[in-house]
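Okay, structure first, notes after.
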Amino acid sequence: MDTITLAIQFQKKIDQDIKIEPRDWMPDEYRKTLIRQISQHAHSEVVGMLPEGNWITRAPSLRRKAILLAKVQDEAGHGLYLYSAAETLGITRDEMYQQLHTNKAKYSSIFNYPTISWADMGAIGWLVDGAAIMNQVPLSRCSYGPYARAMVRICKEESFHQRQGFEILLTLSKGNKAQQKMCQDAINRWWWPALMMFGPSDNDSPHTAQSMQWKIKRFTNDELRQKFVDVCAEQVKFLGMTLPDKDLKWNEAKQHYDFGPINWDEFWNVVKGNGPCNKERLSTRIQAWENGAWVREAALAYEEKKAARQYSYDTENKTNQVPVS
Amino acid sequence: MITLFRKFLYGDYGEIEGGTLATSSSREWPLWEVFIRSKQGLDHKHVGSLHAADAAMAIENARDVYTRRMEGVSIWVVESKNIHASNPDDANALYDPANDKIYRHPTFYQLPDELKYM
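Here the protein sequences come in this chain order: A and B. FYI, the numbering for the first sequence is 15 to 339, going by the numbering used here. FYI, the numbering for the second sequence is 71 to 188, going by the numbering used here.
Below, the structure is given as C-alpha cells:
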C-alpha cells in the first residue's frame with residue numbers, strides 16, 4: 015500500500031477515535047511529534063523533582079516530609095511511565111537522556127524558577143501541578159494508546175499533589191502575619207510562570223492545528239489557560255489571598271475571567287536557557303546521571319556473570335514448566 | 071522509514087538476526103514488560119515497562135513504580151524482546167475466519183420467547 019492510502023486510513027482511524035498502537039502504521043511526523051512531546055513531558059517530570067527535592071530535608075514536620083517524599087517519588091514514576099511510552103515509538107531511553115543532557119530536548123520552563131521558601135511547595139502543588147492536570151486530563155484521551163494510558167495513571171496520582179499543595183497554603187494562610195506574607199509571596203512568584211506553562215498563545219503555536227487534527231491535543235493552549243484562570247480565581251478566595259494581576263476580573267458576557275497580558279519575552283528568555291536556574295537544573299541532572307554510571311555498569315556486570323553461570327532467577331525455583339496463569 | 075531509529079519494536083524479536091541490533095552501542099539495561107494481578111481472582115494485566123539489569127531487579131522496580139498505591143498482589147515481568155506480537159497489518163486476514171461464523175453466537179438461534187432457562 016502506498017503512503018497516501020495509508021495516511022488516509024490513518025486519519026480515518028483517528029477521526030473514529032480508534033487508538034493508534036505502537037506497531038500500527040503512522041506518519042513519520044506523527045511519530046516525531048509524539049516523541050518530542052512525550053520525551054519533553056518525561057524530562058519535565060524528572061527535572062521537576064529538583065525544585066522540590068530542595069525542601070525534603072527542610073520540611074517543617076515529619077508529616078510534610080513524608081508527603082513531599084511521596085510526591086517526588088511519584089514524579090520519578092511519572093517520568094518512567096512517559097519514557098516507556100516514548101520508547102514504544104522507537105527511541106531509546108539513553109537517546110532521550112542524551113538529548114536532555116545536551117540541551118537538545120526541552121523540559122517545562124517552570125522548573126527553572128527557584129524554590130526559596132516553604133510556601134513554594136504549596137504554590138507548586140496548587141498552581142504548577144494544577145496547570146499540569148489541566149493539560150494532562152485531555153491528554154489521557156490522546157490518540158496514541160501508550161501515551162493515553164500513561165496519562166490516565168498520572169492523572170490519578172497527580173490529584174494528591176495538587177491537594178497537598180493547597181493544604182500547605184491553606185495552613186499558612188491561617189497562620190501568623192509572617193506566614194501569610196510568605197503564602198502571598200509564593201503565589202505572586204508562581205502565578206505568571208504557571209500561566210506560561212500552557213505554552214505560547216494560539217496565534218504563535220504553529221503545531222497546534224496539526225496536533226488537534228491528530229487528536230494528540232484536544233484543546234488549544236489558550237482554551238486550557240482560560241479554564242485554569244477561571245478555576246484559580248475562585249480557589250484563591252478560600253486562601254484569603256489574591257492573584258497578582260490587576261486586570262483579573264469576571265466578565266459576565268463571556269462567562270470567563272479576563273486577565274492581564276503575559277510577559278512572553280520572559281517566557282522565551284527562560285526557554286532559551288536564561289532563566290534563574292536553567293544551568294543549575296541541567297548540571298544537577300547530568301551529575302546524577304554520571305554519578306550513577308558505576309551502579310548501572312555494576313548491575314550489568316553482575317547480570318552477565320550470573321548468566322554465564324547459567325543461573326536463572328525463578329521466584330519458586332522449579333515451576334518453569336507449569337503454566338503460570 | 072523506521073530505520074531512523076535503532077530500537078526494534080515490540081514483537082520484532084527474531085525478525086532481526088540474533089534478536090539484537092548491531093548498531094546498538096549503548097550499554098542500556100534491557101527493557102521489561104510488567105504485568106500485574108490487581109487482586110486474587112483476576113488476570114495479570116499489562117501495565118507498562120521499565121529497564122532493569124535482571125528479573126529480580128525488574129520485579130523490585132515494578133513494585134516501586136507500579137504498585138505504590140496497592141495496585142497489585144502479584145507481578146510478572148518478561149523481557150520485552152521475548153514478546154512475539156501479531157502484525158496489525160495482517161489483522162484482516164488473521165481474523166477473517168471468525169468474521170462469517172455468526173452461528174458461534176447464541177443470539178444466532180431463533181427460539182420461542184416462551185422457552186425459559188436457555
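Ideal Cβ positions, reconstructed from N, Cα and C, are used throughout, including at glycine.
Write down the C-beta distance between residue 164 (chain A) and residue 96 (chain A) rounded to the nearest angstrom, noting that I regard them as a contact closer than 8 Å. Indexing the first sequence from 1 puts residue 164 (chain A) at position 150. Indexing the first sequence from 1 puts residue 96 (chain A) at position 82. Yes, residue 164 (chain A) and residue 96 (chain A) are in contact; Cβ-Cβ is about 6 Å, under 8 Å.
Just tell me which of A:45, A:64, A:37 has its CA closest to the CA of residue 155 (chain B). For the purposes of this step, residue 155 (chain B) is taken as residue 85 along the second sequence, with counting starting at 1. Of A:45, A:64, A:37, the residue nearest in Cα terms is A:37.
So if DSSP puts residue 219 (chain A) in a beta bridge, which residue, or which two residues, is it bridged to? In the first sequence, the residue the question calls residue 219 (chain A) occupies position 205. DSSP output for residue 219 (chain A) lists no bridge partner at all.
Is there a Cβ of chain B sitting closer than 8 Å to that of residue 48 (chain A), yes or no? By one-based count along the first sequence, residue 48 (chain A) stands at place 34. Not closer than 8 Å to any Cβ of chain B, the Cβ of residue 48 (chain A) fails to qualify, so no.
Starting from residue 154 (chain B), find everything on chain A with Cβ-Cβ shorter than 7 Å and list it in chain order. Taking the second sequence and counting its residues from 1, the one referred to as residue 154 (chain B) is at position 84. Under the 7 Å cutoff, chain A gives no residues; its nearest Cβ is about 12 Å from residue 154 (chain B).
Is there a C-beta anywhere in chain A that falls below 8 Å from the one on residue 132 (chain B)? To locate residue 132 (chain B), count along the second sequence from 1; it is residue 62. Not one chain A Cβ lies under 8 Å of residue 132 (chain B).
Name, please, each residue of chain A whose Cβ falls closer than 9 Å to the Cβ of residue 135 (chain B). As a working note, residue 135 (chain B) is residue 65 in the second sequence. Contact annotation for residue 135 (chain B) against chain A: 90, 91, 94, 95 [CB-CB distance below 9 Å, chain order].
DSSP beta-bridge partners of residue 67 (chain A): Your numbering for residue 67 (chain A) matches position 53 in the first sequence. Note: residue 67 (chain A) sits in no beta bridge, so no partner.
Rounded separation between residue 184 (chain B) and residue 177 (chain B) - CA only: One-based indexing of the second sequence puts residue 184 (chain B) at position 114. One-based indexing of the second sequence puts residue 177 (chain B) at position 107. Looking at the two C-alpha atoms, the distance is approximately 16 Å.
For residue 127 (chain B), which residues in chain A fall below 9 Å Cβ to Cβ? For the purposes of this step, residue 127 (chain B) is taken as the residue at position 57 of the second sequence. 313, 317, listed in chain order.
Please say whether residue 35 (chain A) and residue 159 (chain A) have beta carbons closer to each other than 8 Å? One-based indexing of the first sequence puts residue 159 (chain A) at position 145. One-based indexing of the first sequence puts residue 35 (chain A) at position 21. Contact: yes.
Report yes or no: is there a C-beta of chain A within less than 8 Å of the C-beta of residue 108 (chain B)? Counting from one through the second sequence, the residue named residue 108 (chain B) turns up at place 38. Chain A, which has no Cβ nearer than 8 Å to the Cβ of residue 108 (chain B), makes this no.
Once the 5 residues before and after residue 272 (chain A) are set aside, which same chain residues still bring their CB inside 6 Å of it? Taking the first sequence and counting its residues from 1, the one referred to as residue 272 (chain A) is at position 258. 263, 265, listed in sequence order.
With a threshold of 16 other CB atoms inside 10 Å of the CB of residue 175 (chain B), please say whether the residue is buried or exposed. By one-based count along the second sequence, residue 175 (chain B) stands at place 105. Exposed: under 16 other Cβ atoms inside 10 Å.
Give the DSSP bridge partners of residue 111 (chain B), in chain order. Locating residue 111 (chain B) in the second sequence gives position 41, counting from the first residue. Answer is none; residue 111 (chain B) lacks a bridge partner.
Closer than 8 Å, Cβ to any Cβ of chain B: which residues of the segment 24-40 of chain A, in chain order? 35, 36, 37, 38, 39
With a floor of 4 residues, list each alpha helix (DSSP H) that falls wholly inside the segment 244-287 of chain A, ordered by position along the chain. Fully enclosed alpha helix (DSSP H) runs of 4 or longer: 278-283.
Three-state secondary structure assigned by DSSP to residue 122 (chain A): What you label residue 122 (chain A) is simply residue 108 of the first sequence in a count that begins at 1. DSSP places residue 122 (chain A) in coil when its eight states are reduced to three.
Rounded straight-line distance, which links the Cα of residue 63 (chain A) to that of residue 135 (chain B): Position 65 of the second sequence, counted from the start, is the residue given in the question as residue 135 (chain B). Position 49 of the first sequence, counted from the start, is the residue given in the question as residue 63 (chain A). Answer to the nearest angstrom: the Cα atoms are 15 Å apart.
Chain A within 8 Å of residue 118 (chain B), Cβ atoms only: Along the second sequence, one-based indexing puts residue 118 (chain B) at 48. Yes, contact with chain A.
Backbone CA spacing between residue 177 (chain A) and residue 170 (chain A) [nearest angstrom]: Numbered from its first residue, the first sequence carries residue 177 (chain A) at position 163. Numbered from its first residue, the first sequence carries residue 170 (chain A) at position 156. The alpha-carbon atoms of residue 177 (chain A) and residue 170 (chain A) are separated by roughly 12 Å.
According to DSSP, which residues form a beta bridge with residue 121 (chain B)? Taking the second sequence and counting its residues from 1, the one referred to as residue 121 (chain B) is at position 51. Per DSSP, B:101.
Output needed for residue 105 (chain B): all residues of its chain with C-beta closer than 8 Å, excluding positions within five of it in sequence on either side, in chain order. Residue mapping note: residue 105 (chain B) aligns to position 35 of the second sequence, counting from 1. The residues are 114, 115, 116, 117, 145, 146, 147, 148.
Taking 8 Å as the threshold, find out whether the segment 223-234 of chain A comes into contact with the segment 43-60 of chain A through three or more Cβ pairs. yes
Return the CA-CA distance between residue 83 (chain A) and residue 75 (chain A), expressed in angstroms with no decimal places. Mapped onto the first sequence, residue 83 (chain A) falls at position 69. Mapped onto the first sequence, residue 75 (chain A) falls at position 61. Rounded to whole angstroms, residue 83 (chain A) to residue 75 (chain A) spans 12 Å at the Cα level.
Of the choices A:40, A:179, A:109, whose alpha-carbon is the least far from that of residue 57 (chain A)? Here residue 57 (chain A) is taken as the residue at index 43 of the first sequence, counted from 1. Residue 57 (chain A) has its Cα closest to that of A:109, out of A:40, A:179, A:109.
Using the beta-carbon count (16 or more within 10 Å), is residue 186 (chain A) buried or exposed? Position 172 of the first sequence holds residue 186 (chain A). Answer is buried; the Cβ neighbour count reaches 16.
Using a Cβ-Cβ cut-off of 8 Å (strictly less than) and excluding sequence neighbours within five positions of residue 115 (chain A), which residues of its own chain qualify? Counted from its first residue, the first sequence places residue 115 (chain A) at position 101. Once the five neighbours on either side are set aside, the close Cβ partners of residue 115 (chain A) are 296, 299, 300, 303.
Could you tell me if residue 110 (chain B) is buried or exposed, where buried requires 16 or more neighbouring beta carbons within 10 angstroms of its beta carbon? The residue you call residue 110 (chain B) lines up with position 40 of the second sequence. Classification of residue 110 (chain B): exposed, given that the 10 Å Cβ count is below 16.
Test: residue 170 (chain B) CB closer than 8 Å to a CB of chain A: Within the second sequence, numbered from 1, the residue matching residue 170 (chain B) stands at position 100. No, residue 170 (chain B) does not count as interfacial toward chain A.
Can you tell me whether residue 180 (chain A) is buried or exposed, with buried defined as 16 or more other CB within 10 angstroms of its CB? In the first sequence, counting from the first residue as 1, residue 180 (chain A) sits at position 166. Buried, because 16 or more other Cβ atoms sit within 10 Å of the Cβ of residue 180 (chain A).
Interface residues of chain B facing residue 310 (chain A) [CB-CB closer than 9 Å]: In the first sequence, residue 310 (chain A) corresponds to position 296, counting from 1. Within chain B, the residues near residue 310 (chain A) are 97, 98, 99, 123.
Flag this pair as yes or no: are the beta carbons of residue 190 (chain A) and residue 291 (chain A) separated by less than 8 Å? For the purposes of this step, residue 190 (chain A) is identified with residue 176 of the first sequence, where counting begins at 1. For the purposes of this step, residue 291 (chain A) is identified with residue 277 of the first sequence, where counting begins at 1. No, they are not a contact pair.
Tell me whether residue 130 (chain A) sits in a helix, a strand or coil according to DSSP, three-state version. Walking along the first sequence from the start, residue 130 (chain A) turns up at place 116. Three-state DSSP puts residue 130 (chain A) in coil, outside helix and strand.
Would you please verify whether the beta carbon of residue 182 (chain B) is less than 8 Å from any beta carbon of chain A? Numbered from its first residue, the second sequence carries residue 182 (chain B) at position 112. No, its Cβ sits nowhere closer than 8 Å to a Cβ of chain A.
Chain A beta carbons: is any one of them nearer than 8 Å to that of residue 157 (chain B)? On the second sequence, residue 157 (chain B) is found 87 positions in, with the first residue counted as 1. Yes, residue 157 (chain B) counts as interfacial toward chain A.
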